[in-house]
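Asks:
Numbering (my numbering), first residue to last: 9 to 558.
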């Protein structure tokens with residue numbers, strides 16, 4: 009099966025269902041470990057959940073009172089928290105990773121070749137799609153190229169996407185399939201890397217990837233549904249109770265709603281459509297009910313830092329001829345914002361480089377120049393907000409723009425970001441502390457499958473800012489780490505605010521939707537090294553137990 013995030017984003021249109029209220033769950037009494045509400049600092053003893061909402065938050069005696077026939081869940085010392093929500097995920101891509109060539113953790117070009125060889129032998133026909141490689145640790149110290157792939161597979165197209173989804177390496181057969189030669193121009197918002205003779209090396213950046221991807225067989229609806237369901241089940245097992253799904257196609261949106269209607273979606277979902285699939289929402293406004301809501305539109309301003317596609321205000325420190333690229337013309341983004349504004353459609357835009365972020369902040373400001381307060385109420389978002397000019401950091405709070413950030417990017421990128429940016433620009437890189445101190449809201453996410461999609465890794469990264477081995481470079485601005493209470497809010501209350509559901513979700517309070525995540529360690533007191541190795545013990549989404557390992 010050849011699946012990719014962009015394939016899913018380009019899937020054909022489909023009718024959408026409504027009325028997807030989750031199945032009612034029996035009353036639950038939860039106790040036996042500290043329960044942090046996200047409201048008070050001290051934990052409470054017990055919870056009672058009735059009809060999908062918190063009915064009692066307090067003592068075990070109160071929780072048991074009048075709870076006839078309720079099921080009791082003993083945490084066995086595990087720590088319960090408000091349900092964690094991933095504010096930026098591509099859930100179908102998470103499930104698709106299990107159905108394609110997995111290149112996560114590839115240690116060298118030789119390792120990549122061996123994985124390709126093994127996969128090709130097991131899948132003897134059709135194009136090969138894989139994802140997950142990153143070259144920053146490789147001994148070869150270079151991107152892979154078509155010759156590396158041709159040496160393993162030369163008789164059919166191969167497309168291997170970098171972990172960030174903003175670059176790919178292809179073999180000669182794939183270049184020929186796309187009719188890419190020395191005379192092929194770079195597409196807008198993309199780049200075809202070439203050698204000294206002008207021949208394509210096989211590396212394609214951002215929009216150039218679609219030259220090949222568009223020639224690959226698209227995934228079937230059955231494949232999309234299977235990938236989405238696998239991703240959702242995996243997420244529940246990790247402790248997630250909700251997601252903000254980015255770059256969603258209408259086919260994916262339909263499957264989200266169908267799974268919710270049948271009781272087979274183990275989490276709530278706020279969906280942000282691709283521009284190609286957003287015509288309906290731009291005509292009618294947001295829609296959906298129950299567990300799934302079609303909330304807004306997701307756009308791209310620039311590319312990724314690792315592939316040097318992030319748009320910078322000055323050239324890359326390790327590639328002085330490049331300042332990155334713009335994936336979407338700013339005037340096109342401005343036009344879509346105007347349509348979204350007219351129908352109260354929430355806008356969220358990918359921006360990684362300091363120039364990309366400034367352009368998005370400018371576009372949001374200009375769209376609401378006549379009424380800046382309305383921009384605050386619109387809760388527009390910037391996805392990633394990774395590299396900021398320090399003078400632009402206060403603009404998030406001043407304009408009411410939500411920074412949707414993924415802490416694990418900082419501990420993945422620390423090995424190459426200093427070379428890409430140089431020391432001066434690192435002051436505005438992954439600047440969580442500075443953003444929070446300025447009054448901004450940070451909604452925490454993962455960007456899975458770019459990252460693993462593990463809430464424990466994200467919490468660890470936000471609070472400790474070292475990689476999983478405990479390493480952090482000397483210029484990595486550890487002062488930008490956040491407190492544990494702040495990190496908890498990033499994955500609970502802040503995503504609720506970012507999706508206009510703060511009155512329903514984000515904290516454990518009587519009357520709110522019952523979302524609970526319990527981990528094997530106390531995230532507020534455990535040693536940092538114990539956090540990423542912990543496990544999810546209980547997941548409750550809208551009152552329904554979706555994962556239990558007690």
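Where is the CB? At the ideal position from N, CA and C, for every residue including glycine.
Measure from the alpha carbon of residue 353 to the alpha carbon of each residue in 313, 283 and 318, then state which is nearest.
Replies: 283
Asks: Let's test the definition: count the other Cβ atoms within 10 Å of the Cβ of residue 492 and tell me whether it reaches 16, buried, or not, exposed.
Replies: buried
Asks: Within the continuous beta strand (DSSP E) that includes residue 622, where are the two ends?
Replies: Look at the range of the chain in this structure, 9 to 558, and you will see that residue 622 is not part of it.
Asks: Helix, strand or coil for residue 96 per DSSP?
Replies: Note: residue 96 maps to strand in three-state DSSP.
Asks: I'd like the span of the beta strand (DSSP E) that includes residue 62, first residue to last.
Replies: 61-66
Asks: Kindly indicate which three-state DSSP category residue 387 falls into: helix, strand or coil?
Replies: coil
Asks: Give me the Cβ distance between residue 356 and residue 391, rounded to the nearest whole Å; I'm assuming they're in contact under 8 Å.
Replies: 6 Å
Asks: Determine which residues share a DSSP beta bridge with residue 521 and list them.
Replies: 61
Asks: Per DSSP, residue 419 is paired with what?
Replies: DSSP lists no partner for residue 419.
Asks: Drop a sphere of 10 angstroms on the beta-carbon of residue 417, count the other beta-carbons inside from all chains shown, and report buried for 16 or more, exposed for fewer.
Replies: buried
Asks: Quick one: Cα of residue 561 to Cα of residue 136, how far?
Replies: Because the chain spans 9 through 558 in this model, residue 561 falls outside it and cannot be assessed.
Asks: Beta-carbon within less than 7 Å of residue 192's beta-carbon, same chain only, minus the 5 sequence neighbours each way: which residues are those?
Replies: Counting only residues of its own chain and dropping the five nearest sequence neighbours on each side, residue 192 has a CB closer than 7 Å to the CB of 200.
Asks: Excluding the five sequence neighbours on either side, which residues of its own chain have a C-beta within less than 7 Å of the C-beta of residue 538, listed in chain order?
Replies: The residues are 529.
Asks: Tell me the residue span of the alpha helix (DSSP H) that contains residue 370.
Replies: Where residue 370 is concerned, the enclosing alpha helix (DSSP H) starts and stops at 362-375.
Asks: In its own chain, which residues sit with a C-beta less than 6 Å from the C-beta of residue 300, not counting the 5 before and 5 after it?
Replies: These residues qualify, in order along the chain: 28, 264, 265, 268 and 277.
Asks: Could you check whether residue 149 and residue 171 sit closer than 9 Å to each other, using their CB atoms as the reference points?
Replies: no
Asks: Nearest-angstrom Cα distance between residue 364 and residue 319?
Replies: 5 Å
Asks: By Cβ distance, which residues of its chain are closer than 7 Å to residue 565, with the 5 residues on each side in sequence left out?
Replies: One cannot answer for residue 565 here, as it falls past the ends of the chain, which runs 9 to 558.
Asks: For residue 74 and residue 490, I'd like the C-alpha separation in whole angstroms.
Replies: 41 Å
Asks: Helix, strand or coil for residue 440, going by three-state DSSP, please let me know.
Replies: Reduced to three states, the DSSP call for residue 440 is helix.
Asks: Determine the contact status of residue 197 and residue 111, defining contact as a CB-CB distance below 9 Å.
Replies: Residue 111 is positioned such that its CB atom lies no closer than 9 Å to that of residue 197.
Asks: Could you tell me the distance, in whole angstroms, from the CA atom of residue 181 to the CA atom of residue 557?
Replies: 47 Å
Asks: Counting along the chain, where does the beta strand (DSSP E) carrying residue 122 start and finish?
Replies: It is not in any beta strand (DSSP E) - residue 122 instead sits in the alpha helix (DSSP H) that spans 117-130.
Asks: If you follow the beta strand (DSSP E) that residue 42 is in, where does it begin and where does it stop?
Replies: 36-43
Asks: Return the CA-CA distance between residue 312 and residue 415, expressed in angstroms with no decimal places.
Replies: Looking at the two C-alpha atoms, the distance is approximately 15 Å.
Asks: In the structure shown, what three-state DSSP assignment does residue 492 receive?
Replies: helix
Asks: Run through the segment 438-473 for me and flag every whole beta strand (DSSP E) of 3 or more residues, listed as ranges in chain order.
Replies: 450-452
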